[in-house]
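See structure below.
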Amino acid sequence: MARGARQTPSHKTPSPEERPMRIPDAKLAEVWDRGFTVVEGFLDAETLGAAQDALWEIYPRPEDYFANPGAHPKYARSQFAGLRLFPYPSWALNRVPVYPDLIDAAERFLQTREIDCYKIELWAKYSGAIDYDQHHHRDYENHTIVVPRADQTMPQMTCFILLSDVTELDGPTKAVPLDRTRDIPLGVTQTKMGEFFEDEVAATGPAGSILIYKTDVFHRGSNFGAPGRSRFVMPVDFKPRGWRWQGKLAWPDHTGQPGWKEAMVNMTPRQRDLFGWPPPGDPYWNAQTLADVAVRYPGIDLAPYGARQATREPA
Numbered sequence: 015m016a017r018g019a020r021q022t023p024s025h026k027t028p029s030p031e032e033r034p035m036r037i038p039d040a041k042l043a044e045v046w047d048r049g050f051t052v053v054e055g056f057l058d059a060e061t062l063g064a065a066q067d068a069l070w071e072i073y074p075r076p077e078d079y080f081a082n083p084g085a086h087p088k089y090a091r092s093q094f095a096g097l098r099l100f101p102y103p104s105w106a107l108n109r110v111p112v113y114p115d116l117i118d119a120a121e122r123f124l125q126t127r128e129i130d131c132y133k134i135e136l137w138a139k140y141s142g143a144i145d146y147d148q149h150h151h152r153d154y155e156n157h158t159i160v161v162p163r164a165d166q167t168m169p170q171m172t173c174f175i176l177l178s179d180v181t182e183l184d185g186p187t188k189a190v191p192l193d194r195t196r197d198i199p200l201g202v203t204q205t206k207m208g209e210f211f212e213d214e215v216a217a218t219g220p221a222g223s224i225l226i227y228k229t230d231v232f233h234r235g236s237n238f239g240a241p242g243r244s245r246f247v248m249p250v251d252f253k254p255r256g257w258r259w260q261g262k263l264a265w266p267d268h269t270g271q272p273g274w275k276e277a278m279v280n281m282t283p284r285q286r287d288l289f290g291w292p293p294p295g296d297p298y299w300n301a302q303t304l305a306d307v308a309v310r311y312p313g314i315d316l317a318p319y320g321a322r323q324a325t326r327e328p329a
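Heads up: the sequence shown begins at 15 in my numbering, then just goes up one per residue.
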């Protein structure tokens, strides 16, 4: 079987040691100091297994792809041909970017509860489809219309959640520690090919790990080291609310996609808030909006929004 996301994950109730890990403060401090960190065991076993199963609603299983790569020509067109934007057909995937411990990490890293989830993607790669090697680059170029501040205020938090095992052979993201590039002005977004290959660190880890990095850290995609390999990751990005020069996706443009309504119905008020949904107590909520949002999203629990609205507008 080709290496990639496992095909027969367990869906048993996770034991205490399998349950989600709150990302330690020391790991978030490493992102500030080094530019990136990898945390293994981030997703619990049930969440990971269900997400892996749901991948095959979108992508060919590795063994199917490698049995006949010619049947899947799209993956040879671009390094980014395997990208799919949120939402997805399955709640098993849609719940991953709003994983409670991910929200917690973003709040602590950005030092506020007022945060936006501004990008969610799935990314599949298959060895031999195309050359995945890249220059080292800074992601901020398409995450803000200006540049990051050197004093690290107004930051953004970018993540890759690994949905398959990623070894040195599986095209890992490779990042350059900040102390190797501090002399490069922040206005520079790309280096010469190979310039920092000797300094880069491969972000490897078992499925369920998370790579967290800053948008000003130089990093790159790398090619596979062996045939028959595959890689599946979910990039998820957060920013402090209110900085209008930052962002990437406009969520209202995605509301017509399959999976959006189910995702909003299944989320908690805190999770919906990440997409710009009006929170409980917001002046947006009144009898009319409660009724019509319920029509648009059948089955949604609007009690948290209506309870506070009722205290402002007594009958």
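Positions of the beta carbon are idealized from the N, C-alpha and C atoms, including for glycine.
On a predicted model such as this, the values are computed, not experimentally measured, just so you know.
Practice task
Leaving out five residues on either side along the sequence, give the residues of the same chain with a beta carbon under 6 Å from the beta carbon of Q166.
Solution key: none
Exercise for the section: Assign I175 to buried or exposed, taking buried as 16 or more other Cβ atoms, counted over all protein chains shown, within 10 Å of its Cβ. Expected result: buried
Practice task
Just list the alpha helix (DSSP H) runs in the region 28-103, keeping only unbroken ones of 4 residues or longer that don't cross its boundaries, in chain order.
Solution key: 39-48, 59-69 and 76-81
Handout entry: C-alpha distance - Y311 paired with V247, whole-angstrom precision
Key = 29 Å
Exercise for the section: Measure the alpha-carbon distance for L99 versus P74 and round it to whole angstroms. Expected result: 17 Å
Problem - Identity of the residue in T218, L107 and Y227 nearest G55 by Cα - result: T218
Problem - Burial state of K26 (16 or more Cβ within 10 Å) - result: Interpretation of K26 is limited by its pLDDT of 37, a score under 50 that renders its predicted location unreliable; no figure is taken from the coordinates.
Practice task
Report all residues from its chain with a CB closer than 7 Å to the CB of P292; omit the five preceding and five following residues, and keep chain order.
Solution key: Y298 and W299
Practice task
Would you check if the distance between the CB atom of I134 and the CB atom of V250 is smaller than 7 Å?
Solution key: yes
Practice task
Over the uninterrupted alpha helix (DSSP H) stretch that includes T303, give me the two end residues.
Solution key: A301 to R310
Handout entry: Own chain partners of A106 with C-beta closer than 7 Å, once the 5 adjacent residues on each side are dropped
Key = A64, A65, D67 and A68
Problem - Inter-residue Cα distance where the pair is V307 and R286 - result: 13 Å
Exercise for the section: Decide yes or no for the touch test of the region 155-162 against the region 252-264: beta carbon pairs closer than 8 Å, at least 3 of them. Expected result: yes
Problem - Where F232 sits in the DSSP three-state scheme - result: coil
Problem - First and last residue of the uninterrupted beta strand (DSSP E) at P283 - result: Element bounds for P283: not the beta strand (DSSP E) but the alpha helix (DSSP H), P283 to D287.
Problem - Check whether P318 and P283 have beta carbons under 7 Å apart - result: yes
Handout entry: Through-space distance from V215 to G313, alpha-carbon basis
Key = 46 Å
Practice task
Identify which residue in Q148, I198, K228 and D130 has its Cα closest to the Cα of G49.
Solution key: K228
Handout entry: Alpha-carbon spacing of K206 relative to A305, whole angstroms
Key = 56 Å
Handout entry: 6 Å CB neighbourhood of G235 in its chain, flanking five on each side removed
Key = Y146 and Q148
Practice task
Classify A138 as helix, strand or coil using the three-state DSSP reduction.
Solution key: strand
Handout entry: Rounded straight-line distance, which links the Cα of F252 to that of I37
Key = 16 Å
Problem - Entirely enclosed beta strand (DSSP E) segments - the region 175-227, minimum 3 residues - result: 224-227
Handout entry: Buried or exposed by the 16-neighbour rule on C-beta atoms within 10 Å, applied to D193
Key = exposed
Exercise for the section: Would you mind reading off the limits of the beta strand (DSSP E) that contains R127? Expected result: Premise fails: R127 is in no beta strand (DSSP E) and is neither H nor E.
Problem - D296 (DSSP reduced to helix, strand or coil) - result: coil
Handout entry: Residue range of the beta strand (DSSP E) that includes M248
Key = S244 to P254
Handout entry: Inter-residue CB distance, G185 and K139 (contact presumed, cutoff 8 Å)
Key = 6 Å
Handout entry: H150 and F210 closer than 7 Å at C-beta
Key = yes
Handout entry: Nearest-angstrom Cα separation, counted from V53 out to C131
Key = 20 Å
Exercise for the section: Report the rounded CA-to-CA distance for Y102 versus D39, giving the unit in angstroms. Expected result: 31 Å
Exercise for the section: Look at the alpha carbon of G208 and the alpha carbon of R245, and state the distance between them as a whole number of angstroms. Expected result: 23 Å
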